[in-house]
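Worksheet: the structure to be examined is printed underneath.
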Amino acid sequence: MSEIMRVPDRSGDTCALTPTETDEYFMSLAMEIARGCAEVGEVPVGAVAVRGSRIISCGANGREEEKNALSHAELNAISAACAALGGWRLTGVTLYVTLEPCAMCAGAIINAHIPRVVYAAKDARAGAMGSIVKLQSLPLGYHPLTEVCERFSRESAGLLREFFLARRK
Numbered sequence: 727m728s729e730i731m732r733v734p735d736r737s738g739d740t741c742a743l744t745p746t747e748t749d750e751y752f753m754s755l756a757m758e759i760a761r762g763c764a765e766v767g768e769v770p771v772g773a774v775a776v777r778g779s780r781i782i783s784c785g786a787n788g789r790e791e792e793k794n795a796l797s798h799a800e801l802n803a804i805s806a807a808c809a810a811l812g813g814w815r816l817t818g819v820t821l822y823v824t825l826e827p828c829a830m831c832a833g834a835i836i837n838a839h840i841p842r843v844v845y846a847a848k849d850a851r852a853g854a855m856g857s858i859v860k861l862q863s864l865p866l867g868y869h870p871l872t873e874v875c876e877r878f879s880r881e882s883a884g885l886l887r888e889f890f891l892a893r894r895k
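Count along the sequence shown starting at 1, add 726, and that's the number in the working numbering.
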């Protein structure tokens with residue numbers, strides 16, 4: 727991402743964002759989704775799929791509500807992005823997610839040909855894009871670039887920690 731992106735500010739005018747600010751902007755939206763998940767009793771993970779400066783889809787964790795093990799934020803965002811774009815190849819899409827994708831989600835990212843994933847918190851228990859395994863480095867035909875959005879790492883990890891502490895009480 728080397729281009730400057732323009733987004734609306736609070737007054738309705740547009741302002742220019744650097745590539746780092748762009749990542750932080752979209753990650754802040756994913757964090758809003760994650761906070762919403764926590765409020766309804768879902769594990770707080772949110773995802774936003776973006777092409778250029780346009781949001782294609784959003785995904786929230788929905789395993790409890792939907793009673794479906796496949797309802798991860800990333801998979802929900804990928805499915806909605808495929809529907810919005812009319813195909814399974816999500817070339818040119820960046821996926822912003824608040825927690826490092828698990829093996830299932832990393833596999834879906836690779837299969838959807840998503841070229842770039844930006845995540846906030848590393849997952850020492852199930853992270854499959856760098857923490858436990860780096861699925862994208864295996865000879866699976868497609869190798870997305872992954873980056874950590876350091877500005878939101880602590881916030882996302884803290885949100886998850888607080889959620890699970892509250893669940894245990």
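Backbone N, C-alpha and C fix where the C-beta goes; we use that ideal spot for every residue, glycine too.
Drop a sphere of 10 angstroms on the beta-carbon of residue i, count the other beta-carbons inside from all chains shown, and report buried for 16 or more, exposed for fewer.
i           : result
residue 745 : exposed
residue 785 : buried
residue 826 : buried
residue 768 : buried
residue 856 : buried
Are the CB atoms of residue j and residue i within a distance shorter than 8 Å?
i           : j           : result
residue 859 : residue 845 : no
residue 886 : residue 770 : yes
residue 764 : residue 889 : yes
residue 774 : residue 803 : yes
residue 895 : residue 874 : no
residue 772 : residue 760 : yes
Find the nearest neighbour of residue i within the set the options, judged by alpha-carbon distance.
i           : options               : result
residue 865 : 807, 833 and 803      : 833
residue 749 : 762, 780 and 766      : 780
residue 801 : 777, 812 and 831      : 831
residue 893 : 814, 752, 872 and 766 : 766
From residue i to residue j, what distance separates their C-alpha atoms?
i           : j           : result
residue 876 : residue 795 : 28 Å
residue 743 : residue 821 : 18 Å
residue 850 : residue 838 : 24 Å
residue 754 : residue 747 : 10 Å
residue 805 : residue 751 : 22 Å
residue 812 : residue 799 : 20 Å
By Cβ distance below 6 Å, which residues in the same chain neighbour residue i in space, the five residues on each side in sequence not counted?
i           : result
residue 852 : 828
residue 797 : 788 and 789
residue 883 : 847
Please go through the same chain and pick out, in chain order, the residues whose beta-carbon is closer than 7 Å to the beta-carbon of residue i, but skip the five residues on each side of it.
i           : result
residue 807 : 775, 782, 783, 816 and 819
residue 870 : 835, 836, 840, 841, 842, 843 and 862
Kindly list the residues whose CB is nearer than 8 Å to the CB of residue i, restricted to its own chain and excluding five residues on each side of it in sequence; keep chain order.
i           : result
residue 881 : 757 and 846
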